[in-house]
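Residue numbers (this note's numbering): 52 to 184.
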């Protein structure tokens with residue numbers, strides 16, 4: 052285990068699963084949000100809404116599929132998903148695992164994996180690597 056992976060695993064173990072609210076369709080249209088473009092959508096939201104910041108992490112979707120995802124957060128801690136759903140179902144709330152490390156570390160991680168419940172949880176990635184318990 053490298054120093055980086057030990058740091059990443061500790062961050063994962065210490066992070067609770069969150070359930071962000073979803074922006075309304077009108078709010079998403081106002082920033083030109085696009086399906087499957089979460090990082091750009093989050094940046095556009097922050098640009099248009101002072102007081103928000105981008106929060107990277109992983110979205111846990113169907114059958115435990117885990118993909119990198121960016122949400123936004125207010126200074127009061129309200130977490131908001133600003134990416135339209137492909138199926139248009141903005142009422143469905145996905146689980147989110149917040150990333151607490153650096154942007155550089157986040158960009159270096161595998162881009163897809165599976166959520167594996169354990170003592171805490173772990174992420175098992177398609178390349179055979181895993182994070183967490």
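Ideal Cβ placement from N, Cα and C applies to all residues, glycine included.
- Each of 126, 77 and 87 was checked against the Cα of residue 106, and the nearest Cα belongs to 126.
- Linking residue 66 to residue 155 through their CA atoms gives a straight-line distance of about 19 angstroms.
- Per DSSP, the continuous alpha helix (DSSP H) segment holding residue 96 begins and ends at 89-99.
- Assignment of beta-bridge partners to residue 108 by DSSP yields 120 and 149.
- A Cβ-Cβ contact shorter than 7 angstroms links residue 133 with residue 92.
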